[in-house]
Every structure is written in C-alpha cells, then in structure tokens.
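Trainee:
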Amino acid sequence: MKLKFGSVEENVVTREEFPLEKAREVLKDEVIAVLGYGVQGPGQALNLKDNGFNVIVGQRKGSKTWDKAVSDGWVPGKTLFELEEACEKGTILQFLLSDAGQISAWPMVKKHLTPGKALYFSHGFGVTYKEKTGIIPPPDVDVILVAPKGSGTSLRRMFVEGRGLNSSYAIFQDGTGKAKDRVIALGIGVGSGYLFETDFYREVTSDLTGERGTLMGAIQGIFAAQYEVLRANGHTPSEAFNETVEELTQSLMPLVAENGMDWMYANCSTTAQRGALDWWKPFRDATKPVFEKLYESVKTGQEAQKSIDSNSKDDYREKLEVELKELRDSEMWQAGATVRKLRPENN
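According to UniProt numbering, the sequence shown is numbered sequentially starting from 1.
(1) Of all the options V127, P115, K110 and K78, which has the alpha carbon lying nearest to the alpha carbon of D99?
(2) Put S269 into one of helix, strand or coil per three-state DSSP.
(3) For D181, tell me which candidate among L145, R231, R202 and V322 has the shortest Cα-Cα distance.
(4) Does E161 come out as helix, strand or coil in the three-state DSSP assignment?
(5) What is the C-beta distance between E47 and V190, in whole angstroms, given that I count them as a contact (C-beta under 8 Å)?
(6) How close, in whole Å, do the beta carbons of residue 353 and S297 come, if the pair is a contact with beta carbons under 8 Å?
(7) Since I believe F159 is in contact with Y120 (beta carbons under 8 Å), could you give me their beta-carbon distance rounded to a whole number of angstroms?
(8) Between G336 and T236, what straight-line distance do the alpha-carbon atoms span, to the nearest angstrom?
(9) Which word fits A266, buried or exposed, when buried means at least 16 other C-beta atoms lie within 10 angstroms of its C-beta?
(10) Among Y201, T249, G234 and Y194, which has the Cα closest to the Cα of Q220?
(11) If you follow the beta strand (DSSP E) that K2 is part of, which residue opens it and which one closes it?
(12) Helix, strand or coil for F283, going by three-state DSSP, please let me know.
(13) Hey, is the stretch 148-162 in contact with the stretch 28-47, meaning 3+ C-beta pairs nearer than 8 Å?
(14) Who are the near neighbours of G36 in its chain, counting only those whose CB is closer than 6 Å to its CB and skipping five residues on each side?
(15) Is Q94 helix, strand or coil by DSSP?
(16) Among N166, A69 and E246, which one has its Cα closest to the Cα of G150?
(17) Round the Cβ separation of D142 and T176 to the nearest angstrom and send it over; I've been treating them as touching at under 8 Å.
(18) Helix, strand or coil for D67, going by three-state DSSP, please let me know.
(19) By a C-beta neighbour count over all protein chains shown, 10 Å radius and 16 as the cutoff for buried, is A232 buried or exposed?
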C-alpha cells in the first residue's frame, strides 16, 4: 500500500496485506540457508524457524558461534552445517556474515549460486561497493535485501514478545521473476512489523550514516560531553549518569517512541519544555556540519574503505576489544553498571 510519511508518499507492506500464511505459501519449496550466526543470523534464523519455514544454518565448525547455534537448538548434520554445505543445500542464501566475512567467503558462495537461487542481504554494503568487495552476483539469480532497523537481538526479543521490528526491503536484481514475492515473504518471515521500500545504495548510505551518527557514534559523543561537563562542575558520577543517560533511556525515549518528540515535550515540566525548545536548534546548528562531513565520507566510499581495511586485518578483534574496553572502563559506563543494578526490576 501507499502511505504518506509527512508529505511524501511511499510504498509500505504490512502483515495485513501480506500475512504469514501467504509468506509460507510463497516459500514452501525453498530451503533458506542462513550464512553466519553473529549479529543478525540468530534472530533471523530463529524467527524464520518459529514461523514455520524450512531453515538451515551455515557456520564455521569449531567457532564460538557454531557452539551458540548448537545451544540455540540447531542440530549438526540436520539443520546446522559448514558454510559450503549450507550453500549447496540452500535455495535462498541469506548472506549474513560480517562485511569483511562476506568478502572472504564470496568466491565460495558465488560457486553455489546456481540459476534460480536467491542471494539475500541485510545490508547493501557488499553489492553497493562491489568495486571494493568484488561481490558481483551472477545474472540468473535474485538479489534481494531485508534490513531490520535494529540489532538481531532486538529483532528476536520483539518477536518473542509478539511485536515486530520495522525493516526496509529492496530488489537489486530479479533474475527469476519471483524476487518481489520472495523478499516480502522473507521480510514477514524474519519478524518485520512492516516493510518500507528502498534500494541497496540508499540502504547502505543511510545505515552507515545512522550508525556513525545518532544511533551510536553521535549519541556516545553527546553523552560523554555532557557527562564530562557535569563532572567537571562538581556533580557526582551517579548524578551525572542519571541526568545524562538513565533519564533519557528509561523515561524520555519511551515517550518519544510512543507518540513523538512533541508529545514527550508536552509531558515534561514547563521549565524543561522551555529549555529544550530554546536549545535544540543551537545543537542542530552545531552538529549539522559534522553530519554533512560524515555523509560525504559515506557517499564517496571512504567509510566503506575504512571498514574493509580495518575489519580485514588479522588482529581486528584484538584491537576492537581494546577500543570497547575504553568505553566499558570509562567512569560514565562504570557508573551506568551500578545504576542498572539498582533498577527495581533487577532487585
């Protein structure tokens, strides 16, 4: 159906117009091979299985993620296989390895993309930056995308709660004439609340910008700046954390999610309203040049190249752990660990 988002009309698919029963009918003869069991793999694979689809998992034997798959109920030799065997058995290959992992595994995966199969992504990276990744699918397969707007953990949690995480969908290549039905059925199958249309380029550029911006990078930067200013002016760690992070995540963001920012403002004190209305535009004006610089870096492929160069190194995970440890060991997030323990639901 077509819905207006502001003044712009867009294509959206809901569960009402494409129910789960229809999705099962579309994919009744398919074997969905979920390649990779890291970030998106577990949530998508388990949701598909619980929704009644024929799913197998492909993962490197002996890895921690192989052991996780076994603990999640996947059975070696029946529903859990080495990557190449899963590629052989699958008619839809859900390529959910990391971007660096996709580059490494691509020659093997491509070998098993026989005519009529579908190659599924949850990120437009590999195909959009094909000059850098070498991922160029053959012409006689479907190349499709379903990108849940959240982590695989959130996708699974919301599914178990009977809810849904909205996702985007795209068709890069319709090699069989069935790509549209396949991608929508898979989107419903993995637990999407609704699906909105995009393309591979728009998905990856918006996604890379969001991750580096308001979803992760910018929000951590803003948290750190405010926390440090409060601490420098004599506020305790608990007070600085509560006023910077806890109140936002536990009280205010749920109100924004429920009915929007204006509704959240309307449900705060008049003093808070006045201050927020006075200061949001200065913050916008201060940060917009950073977002413009960020988007240009994404658009030109610089961010993609940085990711490929960094994530392909043998010592990537060791260096990643050092950077994550810096966050984890910071006073702000150490204070956060104590605050979380004090929440009533944890006592």
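Cβ coordinates follow ideal geometry from the N, Cα and C atoms, glycine included. Here the structure is a predicted model, which is why all the values come from computation and not from measurement.
Mentor: Taking the coordinates as given:
(1) From the listed residues V127, P115, K110 and K78, the smallest Cα separation to D99 is found for V127.
(2) Correct three-state label for S269: coil.
(3) The shortest CA-to-CA distance from D181 to any of L145, R231, R202 and V322 is the one to L145.
(4) Here DSSP, grouped into helix, strand and coil, assigns E161 to coil.
(5) A small correction: the amino acid at residue 47 is Asn; Glu does not occupy that position in the sequence shown. Right, their Cβ atoms sit about 5 Å apart.
(6) This structure cannot settle anything about residue 353, because the visible part of the chain is limited to 1 through 347.
(7) Rounded, the Cβ-Cβ distance is 18 Å, inconsistent with contact.
(8) Distance from the CA atom of G336 to the CA atom of T236, rounded to whole angstroms, is 12 Å.
(9) The residue in question, A266, is exposed, as its Cβ has fewer than 16 Cβ neighbours within 10 Å.
(10) With respect to the C-alpha of Q220, the residue from Y201, T249, G234 and Y194 having the closest C-alpha is T249.
(11) Annotation for K2: the continuous beta strand (DSSP E) segment containing it runs K2 to F5.
(12) In the structure shown, F283 sits in a helix (DSSP, three-state: H, G or I).
(13) Touching, yes, given that three or more Cβ pairs across the two stretches are closer than 8 Å.
(14) Here the set comprises L96 and L97.
(15) DSSP places Q94 in strand when its eight states are reduced to three.
(16) When only C-alpha atoms are compared, the closest one is N166.
(17) Contact between D142 and T176 holds, since their C-beta atoms are separated by about 5 Å, short of 8 Å.
(18) Here D67 sits in helix by DSSP.
(19) Exposed, since its Cβ has fewer than 16 Cβ neighbours within 10 Å.
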